[in-house]
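*Asks:* My structure is below; once you've seen it, I'll send some questions.
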Amino acid sequence: MDANLAKTIEDMQKRLQILEDKDALWTLMNRYCTEVDNHHWEAFANTYTEDGVMEVENWGPKRGRAEIAKAASCEEVFQGVIHSITNLHFEVDGSDTATATAYLTLYVTPDVKKPEANYCWGGPYRFEYRRTPEGWRVAKQHLRKFFAIGEDTEGLFS
Amino acid sequence: MDANLAKTIEDMQKRLQILEDKDALWTLMNRYCTEVDNHHWEAFANTYTEDGVMEVENWGPKRGRAEIAKAASCEEVFQGVIHSITNLHFEVDGSDTATATAYLTLYVTPDVKKPEANYCWGGPYRFEYRRTPEGWRVAKQHLRKFFAIGEDTEGLFS
Amino acid sequence: MDANLAKTIEDMQKRLQILEDKDALWTLMNRYCTEVDNHHWEAFANTYTEDGVMEVENWGPKRGRAEIAKAASCEEVFQGVIHSITNLHFEVDGSDTATATAYLTLYVTPDVKKPEANYCWGGPYRFEYRRTPEGWRVAKQHLRKFFAIGEDTEGLFS
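Taken in sequence, the protein lines are chains P, C and E. Each residue of the first sequence is one higher than the last, beginning at 77 in the numbering used here. Each residue of the second sequence is one higher than the last, beginning at 77 in the numbering used here. Each residue of the third sequence is one higher than the last, beginning at 77 in the numbering used here.
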């Protein structure tokens, strides 16, 4: 292969890798939401690195997978949990770390047969990621609360 | 072209194809929402395969494009319809079938000059897709209702 | 490089470029929302072309970056501003113009320590873009209001 051709192909592979890293982080973030929404607390915690940190305003930081799984499991009281994530924007540069900003709208419902009795709140998310031998993982989550609709009947988010 | 180079290029083409399949499904899903939100019931039904199935909790399954168009057309009574879709995650493997999970937040408004008189509800979506000669189509939709805000004045979703 | 190989590589580069243009527009749209949500009125206006037009139903068109920055700055009264954007679908063809449709859900909160005192509204977005020497910019935004939840205590959106 001549040098020009090798360079052209290497350049295309780097461009593909950036798009694939963003796609892999997109998959990670959807798994992140789906696992907790399905009450899979350990699988949720495993989307973090082993030394991962989850910061939710009013809760204080949770450090490591065991603490994170335990904190998330307070949502056990809700039959319906929806972490709806928007404006998910990744900063990726080909290295083994990345960051993201996003917005969360969370809907929690004690009894999905009574969908009108729900609590909705949300705010800005910030994420840090690390590429590990098992793939991308969340190294840090920070979440603020900017709005709320309905009543926090379980008193978990106030 | 030598064998190594041919292999390198074939590999890149497969990686590109995966990203393009996800992009095509993204386009399909946005068309899916836009057509129904614009009251284009037949165009909406045509985003399904001919034997497509639409399952909405409380409605029972609708089978085939004619039934799907008819079921969707009940939303005629709303001037404003917004199927807001988030956490759209595709499972794609290079074959002619694919699946997705997502969340729906639906806002329906009888008279958009009175935007405060709306009904909002949503829940988890599951999709199955098939690649057809006309491109990707929805083979099956399943939707649950987890939350609701406001009053279902038209009694369509209860 | 033989002609077949050159053709194969050129084709792949075009396909990559389409995906990268969509990714760049995705980045632009997230910056568009983040800048205004962070009260960076000038940086927000700079996501437009110099002759950009921002149309918000009830507001009338704002033309050029100075008018756009001034109009956006009315949101100064809200500590919490979240432009949550969904169904973001780009029409891109390899040229220097592009369009998009999307939905907005906007949450504004005068005092984030009282997140329950917020106003939420939204509707369909349409965008036109132009590729400039600085990258993609918004040439035109059009936004309609289809739904509202809560009370517009500041009277800015009615």
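Glycine included, every Cβ here is placed at the ideal spot set by N, Cα and C.
Can you confirm whether the segment 208 to 216 of chain P touches the segment 77 to 86 of chain C when touching is taken to mean that 3 or more C-beta pairs between the two stretches lie within less than 8 Å?
*Replies:* Touching, no.
*Asks:* Roughly how many angstroms separate the alpha carbons of E/R206 and E/G170, rounded to a whole number?
*Replies:* If you number the third sequence from 1, residue 206 of chain E lands on position 130. If you number the third sequence from 1, residue 170 of chain E lands on position 94. Going from the Cα of E/R206 to the Cα of E/G170 covers about 12 Å.
*Asks:* Using only the alpha-carbon positions, how far apart do C/M130 and C/P137 sit?
*Replies:* In the second sequence, the residue the question calls residue 130 of chain C occupies position 54. In the second sequence, the residue the question calls residue 137 of chain C occupies position 61. Their backbone Cα atoms lie some 6 Å apart in a straight line.
*Asks:* At least one CB of chain E closer than 8 Å to the CB of P/Y201: is that the case?
*Replies:* One-based indexing of the first sequence puts residue 201 of chain P at position 125. Using a Cβ-Cβ cut-off of 8 Å, P/Y201 does not count as an interface residue toward chain E, since no Cβ of chain E sits closer than that to its own.
*Asks:* According to a CB-to-CB cut-off of less than 8 Å, which residues of the segment 202 to 229 of chain C neighbour chain P?
*Replies:* R220, K221, F222, F223, A224, I225
*Asks:* Does the segment 117 to 125 of chain E touch the segment 167 to 186 of chain E, meaning 3 or more C-beta pairs lie closer than 8 Å?
*Replies:* no
*Asks:* What does the Cβ neighbour count give for P/V112, buried or exposed, with the cut at 16 atoms within 10 Å?
*Replies:* Residue mapping note: residue 112 of chain P aligns to position 36 of the first sequence, counting from 1. It is buried - the Cβ of P/V112 has at least 16 other Cβ atoms within 10 Å.
*Asks:* Using only alpha-carbon positions, find the residue among P/W197, P/E192, P/D127 that is nearest to P/E143.
*Replies:* Here residue 143 of chain P corresponds to residue number 67 of the first sequence, with the count starting at 1. That would be P/D127, whose Cα lies nearest to the Cα of P/E143.
*Asks:* For P/C150, count the other beta carbons within 10 Å of its own beta carbon; 16 or more makes it buried, fewer makes it exposed. Which is it?
*Replies:* Residue mapping note: residue 150 of chain P aligns to position 74 of the first sequence, counting from 1. It counts as exposed.
*Asks:* Quick check on C/Q93: buried or exposed, where buried means 16 or more other Cβ atoms within 10 Å of its Cβ?
*Replies:* As a working note, residue 93 of chain C is residue 17 in the second sequence. Flag for C/Q93 reads exposed.
*Asks:* Of all the CB atoms in chain P, is at least one closer than 8 Å to the CB of C/L104?
*Replies:* Counting from one through the second sequence, the residue named residue 104 of chain C turns up at place 28. Judged by the 8 Å Cβ criterion, C/L104 is not in contact with chain P.
*Asks:* So what does DSSP say about E/F233, is it helix, strand or coil?
*Replies:* Here residue 233 of chain E is taken as the residue at index 157 of the third sequence, counted from 1. Three-state result, E/F233: coil.
*Asks:* Identify whether P/A79 lies in helix, strand or coil by the three-state DSSP scheme.
*Replies:* If you number the first sequence from 1, residue 79 of chain P lands on position 3. Of the three classes helix, strand and coil, the one that applies to P/A79 here is helix, per DSSP.
*Asks:* Anything in chain C within Cβ reach of E/R91, meaning under 8 Å, just list it in chain order.
*Replies:* As a first step, residue 91 of chain E is located in the third sequence; it is residue number 15 there, counting from the start. Listed by position along chain C, the residues whose Cβ is nearer than 8 Å to that of E/R91 are L92, E96.
*Asks:* Could you tell me whether the segment 153 to 167 of chain C touches the segment 190 to 203 of chain E, using the rule of 3 or more Cβ pairs below 8 Å?
*Replies:* yes
*Asks:* Please go through the same chain and pick out, in chain order, the residues whose beta-carbon is closer than 7 Å to the beta-carbon of P/F166, but skip the five residues on each side of it.
*Replies:* Locating residue 166 of chain P in the first sequence gives position 90, counting from the first residue. Closer than 7 Å at Cβ, skipping near neighbours: K98, L101, A174, A176.
*Asks:* In whole angstroms, give me the CA-to-CA distance for E/G226 and E/C109.
*Replies:* Numbered from its first residue, the third sequence carries residue 226 of chain E at position 150. Numbered from its first residue, the third sequence carries residue 109 of chain E at position 33. About 22 Å.
*Asks:* Considering only residues of the same chain and omitting the five flanking positions on each side of C/G215, which have a CB-CB separation below 7 Å?
*Replies:* Position 139 of the second sequence, counted from the first residue, corresponds to residue 215 of chain C. Note on residue identity: the sequence assigns Ala, not Gly, to residue 215 of chain C. If we look at C/A215 and ignore the five residues flanking it on each side, its Cβ neighbours are T125, G128, E204, Y205, R206.
*Asks:* Mind reading off the beta-carbon distance from P/P186 to C/F223? Whole number of angstroms is fine, and I expect it under 8 Å.
*Replies:* On the first sequence, position 110 is the one that residue 186 of chain P refers to. On the second sequence, position 147 is the one that residue 223 of chain C refers to. About 11 Å separates the two Cβ atoms, so there is no contact after all.
*Asks:* So P/T162 and E/T162 are in contact, right, with Cβ under 8 Å, and what is the actual spacing, rounded?
*Replies:* Translated into the one-based positions of the first sequence, residue 162 of chain P becomes position 86. Translated into the one-based positions of the third sequence, residue 162 of chain E becomes position 86. Contact holds; Cβ gap of about 6 Å.
*Asks:* DSSP three-state label for C/A176, please.
*Replies:* For the purposes of this step, residue 176 of chain C is taken as residue 100 along the second sequence, with counting starting at 1. Three-state result, C/A176: strand.
*Asks:* For a test of the three-state rule: what should DSSP assign to C/F120, helix, strand or coil?
*Replies:* In the second sequence, residue 120 of chain C corresponds to position 44, counting from 1. Helix, per DSSP.
*Asks:* For E/R141 versus E/N114, is the C-beta distance shorter than 8 Å?
*Replies:* In the third sequence, residue 141 of chain E corresponds to position 65, counting from 1. In the third sequence, residue 114 of chain E corresponds to position 38, counting from 1. Cβ distance not < 8 Å, so E/R141 and E/N114 don't count as in contact.
*Asks:* Starting from P/G67, trace the beta strand (DSSP E) in both directions and tell me its first and last residue.
*Replies:* Here chain P covers residues 77 to 234 and nothing more, so residue 67 of chain P does not appear.
*Asks:* Shorter than 8 Å from the beta carbon of P/N163 to some beta carbon of chain E?
*Replies:* Along the first sequence, one-based indexing puts residue 163 of chain P at 87. So, interface residue.
*Asks:* CA-CA distance, P/H218 and P/W135?
*Replies:* Taking the first residue of the first sequence as 1, we reach residue 218 of chain P at position 142. Taking the first residue of the first sequence as 1, we reach residue 135 of chain P at position 59. Each residue's Cα considered, the two are about 11 Å apart.
*Asks:* Just the Cα atoms here: how many angstroms apart are E/G231 and E/V132?
*Replies:* Taking the first residue of the third sequence as position 1, residue 231 of chain E is located at position 155. Taking the first residue of the third sequence as position 1, residue 132 of chain E is located at position 56. So the alpha carbons of these two residues sit roughly 15 Å apart.
*Asks:* If you measure between the beta carbons of P/M240 and P/L164, is that distance less than 8 Å?
*Replies:* Residue 240 of chain P falls outside the range modelled here, since chain P spans only 77 to 234, and no answer is possible.
*Asks:* Apply the 10 Å Cβ neighbour rule to C/V184 and answer buried if 16 or more other Cβ atoms are within range, or exposed otherwise.
*Replies:* Sequence index remark: in the second sequence, residue 184 of chain C carries index 108 (1-based). In summary, C/V184 is buried, with 16 or more beta-carbon neighbours lying within 10 Å of its beta-carbon over all protein chains present.
*Asks:* Quick check: is the beta carbon of P/W117 nearer than 8 Å to any beta carbon in chain E?
*Replies:* Sequence index remark: in the first sequence, residue 117 of chain P carries index 41 (1-based). Chain E, which has no Cβ nearer than 8 Å to the Cβ of P/W117, makes this no.
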